[in-house]
Amino acid sequence: MNKITAFLKRKNIVISAKRYGIDALGAMAQGLFCTLLIGTILNTLGSQFHIGFLTAQIITINEKAYTIGGMASFMSGPAMAIAIGYALQAPPLVLFSLSTVGYACNALGGAGGPLAVLFVAIIAAECGKAISKETKVDILVTPIVTTLIGIGAAWLIAPPIGQVASAFGQLIMKTTELQPFLMGILVSVLVGVALTLPISSAAICSVLGLTGLAGGAAVAGCCAQMVGFAVMSFKENGWGGLVSQGIGTSMLQMPNIVKNPRIWIAPTLASAITGPIATCLFKLEMNGAPINSGMGTCGLCGQLGVWTGWLAPSERAIANGAAAIAPSAFDWAGLLLISFVLPAILAPAINQLCRKAGWVKDGDLTLS
2 MNKITAFLKR KNIVISAKRY GIDALGAMAQ GLFCTLLIGT ILNTLGSQFH IGFLTAQIIT
62 INEKAYTIGG MASFMSGPAM AIAIGYALQA PPLVLFSLST VGYACNALGG AGGPLAVLFV
122 AIIAAECGKA ISKETKVDIL VTPIVTTLIG IGAAWLIAPP IGQVASAFGQ LIMKTTELQP
182 FLMGILVSVL VGVALTLPIS SAAICSVLGL TGLAGGAAVA GCCAQMVGFA VMSFKENGWG
242 GLVSQGIGTS MLQMPNIVKN PRIWIAPTLA SAITGPIATC LFKLEMNGAP INSGMGTCGL
302 CGQLGVWTGW LAPSERAIAN GAAAIAPSAF DWAGLLLISF VLPAILAPAI NQLCRKAGWV
362 KDGDLTLS
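Residue numbering for the sequence shown follows the working numbering, starting at 2 and increasing by one per position.
Shown next as structure tokens:
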């Protein structure tokens, strides 16, 4: 046992919830963001503003033509796997070999490709790290072992993982349609909390393929956390804090939440209010790429996702029954109220009550 422990330590193989559930998942979301989400944004900008070089088909693969944005989205599997390997501190030969693993896994995983990539890339990366520099022909052995184990694991587990993730996501979306009030609260609160925690709400939404009303509730929850924290901490953090939290991430408040968890009450209750308003009153649907559901106001990606879904729904949204619409003034009002106005009003108001109760004090929301 001691020999195994020493070997794992020497190879920097740390089997922990933090390493796999926070570091790897967060990195995967960044890889997904830089490919699928950026590709979606570029395609949307090109088509809506008639930008020639963004709508031009620059390459054909297997008789399918791709734009610049299409190519970015096409590379999401390799990008996610390499990002995971980077988070696991994989050596170069392992890291680069993960590109093949990620592509194969994402393709085999279907709708649940991102979740399959998470599991398979971790397995392949850790096995590659274990064999790395253990032989005199490392330049051959390490890539071969990493690739074969990764492809083998993808072939065995990616399809069932994809099916389970897709089924669970479908269950959430169907339940939200049947019970928009209760599920609006549940999805909004849980995804919003995930956004502030050091895990990736974007990756979770992408893994589950959340679109439609469930996606709208997720957007509402994320916006409540980001805009809520940004506005209610304006006294302590000023304009810099407003921008860094409102367009960056509410995760910046995690050290303060650890010190005083009660500062989390206001944005979380705000999300419990805006979620059902989004689903029941405005019927807000997020039919862009599912990753947008977990982005909130980060780079305005949640709002871009809703806009994209109105004009040109993503393939996943179309598979779930979405269709393009011409947004009305009511739709735009709903998006603005859910994304910005209501969180900016509700969270500070609730936080003021917490202050009067003595639960939150001056300085509790100050960013370090």
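C-beta: ideal position from N, C-alpha, C; glycine also.
Source: prediction; values computed, not measured.
Between G216 and S294, the CB-CB gap stays under 7 angstroms. Rounded to whole angstroms, the gap between the alpha carbons of V244 and I5 is 47 angstroms. Between C206 and P268, the gap from beta carbon to beta carbon reaches 7 angstroms or more. Here DSSP, grouped into helix, strand and coil, assigns T6 to helix. Counting along the chain, T176 sits inside the alpha helix (DSSP H) bounded by residues 139 to 179. Beta bridge pairing from DSSP links K65 with I62. V228 places its beta carbon 7 angstroms or farther from that of L116. G153 and P144 have their C-alpha atoms spaced approximately 14 angstroms apart.
Runs of the alpha helix (DSSP H) lying entirely within the segment 178 to 239 and spanning at least 4 residues, in chain order: 181 to 197, 202 to 209, 213 to 233. In the structure shown, M287 adopts extended strand secondary structure according to DSSP, grouped into three states. With a cut-off of 8 angstroms on Cβ pairs, the segment 274 to 281 is not in contact with the segment 320 to 330, counting fewer than three such pairs.
Taken through DSSP and simplified to helix, strand or coil, P328 comes out as coil. A straight line joining the alpha-carbon of P262 with that of M255 spans about 9 angstroms. Using a C-beta cut-off of 8 angstroms, the segment 130 to 145 makes no contact with the segment 177 to 194, since fewer than three inter-stretch Cβ pairs fall below that distance. Shown here, M252 sits in a helix according to DSSP, grouped into three states. The continuous alpha helix (DSSP H) containing G276 extends over residues 266 to 277. The three-state reading of DSSP puts S245 in helix, counting H, G and I together. Cβ-Cβ separation between A218 and V188: approximately 4 angstroms, consistent with a contact (criterion under 8 angstroms). Residue burial annotation: T61 is exposed, with fewer than 16 other C-beta atoms found within 10 angstroms of its C-beta. Distance between A84 and I14, taken at the CA atoms: about 16 angstroms. DSSP places V361 in the coil class of the three-state scheme, outside both helix and strand. For V146, the CB contacts under 7 angstroms within the same chain, skipping 5 residues up- and downstream, are C128, G129, I132 in chain order. Excluding the 5 residues flanking it on each side, I123 has same chain C-beta neighbours closer than 8 angstroms at Y21, A25, I85, L89, in chain order.
Taking a C-beta distance under 7 angstroms as the contact criterion, I346 and L285 do not qualify as a contact pair. In this structure, DSSP gives N13 a state outside helix and strand, which the three-state scheme calls coil. Pairing T45 with E237 gives a Cβ-Cβ distance that is not under 7 angstroms.
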